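A.B. asks:
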Amino acid sequence: AVCHFNPTPCKDPPDKLFTVHGLWPSNSSGNDPIYCKNTTLNSTKIANLTAQLEIIWPNVLDRTDHITFWNKQWNKHGSCGHPAIQNDMHYLQTVINLYITQKQNVSEILSKAKIEPVGKFRTQKEIEKAIRKGTNNKEPKLKCQKNTQ
Numbered sequence: 049a050v051c052h053f054n055p056t057p058c059k060d061p062p063d064k065l066f067t068v069h070g071l072w073p074s075n076s077s078g079n080d081p082i083y084c085k086n087t088t089l090n091s092t093k094i095a096n097l098t099a100q101l102e103i104i105w106p107n108v109l110d111r112t113d114h115i116t117f118w119n120k121q122w123n124k125h126g127s128c129g130h131p132a133i134q135n136d137m138h139y140l141q142t143v144i145n146l147y148i149t150q151k152q153n154v155s156e157i158l159s160k161a162k163i164e165p166v167g168k169f170r171t172q173k174e175i176e177k178a179i180r181k182g183t184n185n186k187e188p189k190l191k192c193q194k195n196t197q
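Numbering-wise, the sequence shown is residues 49 to 197 according to my numbering.
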């Protein structure tokens, strides 16, 4: 969706995986918090996570600069996750854990439900039902965008 609706040229993942769009703390009483602390990622500390992150959370707008993208996500959203998110490493590791360890891999979940990226129309209810089934009934937050092209 990012590539489809963004004026900046970008590259979809070659194998048509659903990738992480973001990990944002939620505020049940209103808008989600942003920019809670002015902080930056420690790129040296996260070096051992980059191979996994480049696959599951790529910067589709600039495949040569993932660090800047992750830093923006950490600064804008991750810094607001305290106390559940302790620091930048914990934020990025949480993304990996949700995707791999806790089986929040949407590509895999939808594939098991026979929902593949082949241009076939699917209702929001079908997609939500498949995600709920694959995530122990967790409610997905879906955002639809109209194709105006």
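C-beta: ideal position from N, C-alpha, C; glycine also. Only a predicted model underlies this, so the values are computations on that prediction, with no experimental measurement involved.
With a threshold of 6 Å on Cβ separation, who are the neighbours of histidine 130 within its own chain once the five nearest residues in sequence on each side are excluded?
C.D. replies: Within the same chain, histidine 130 has no close Cβ partners at all.
A.B. asks: Going residue by residue through the segment 116-160, where are the continuous alpha helix (DSSP H) segments of at least 4 residues, counting only ones entirely within it?
C.D. replies: 136-144, 154-160, all fully within the segment 116-160.
A.B. asks: So, with DSSP's three-state summary, where would you put asparagine 184?
C.D. replies: Asparagine 184 falls in the coil class under three-state DSSP.
A.B. asks: Which residue comes first and which comes last in the alpha helix (DSSP H) that contains isoleucine 94?
C.D. replies: Isoleucine 94 -> no alpha helix (DSSP H), and no H or E assigned at all.
A.B. asks: May I have the straight-line CA-CA distance separating glutamine 172 from phenylalanine 66, to the nearest angstrom?
C.D. replies: Cα-Cα distance, rounded: 16 Å.
A.B. asks: Do histidine 114 and asparagine 107 have their C-beta atoms within less than 7 Å of each other?
C.D. replies: It is a contact, given that the beta carbons lie within the stated cut-off.
A.B. asks: Quick check on glycine 182: buried or exposed, where buried means 16 or more other Cβ atoms within 10 Å of its Cβ?
C.D. replies: Buried.
A.B. asks: Taking contact to mean at least 3 C-beta pairs separated by less than 8 Å, is the segment 153-169 in contact with the segment 135-142?
C.D. replies: As far as the Cβ criterion goes, the segment 153-169 does not touch the segment 135-142, which means the pair count is below three.
A.B. asks: Whole angstroms is fine: what's the gap from leucine 146's alpha carbon to valine 154's?
C.D. replies: Spanning the two alpha carbons is a distance of roughly 10 Å.
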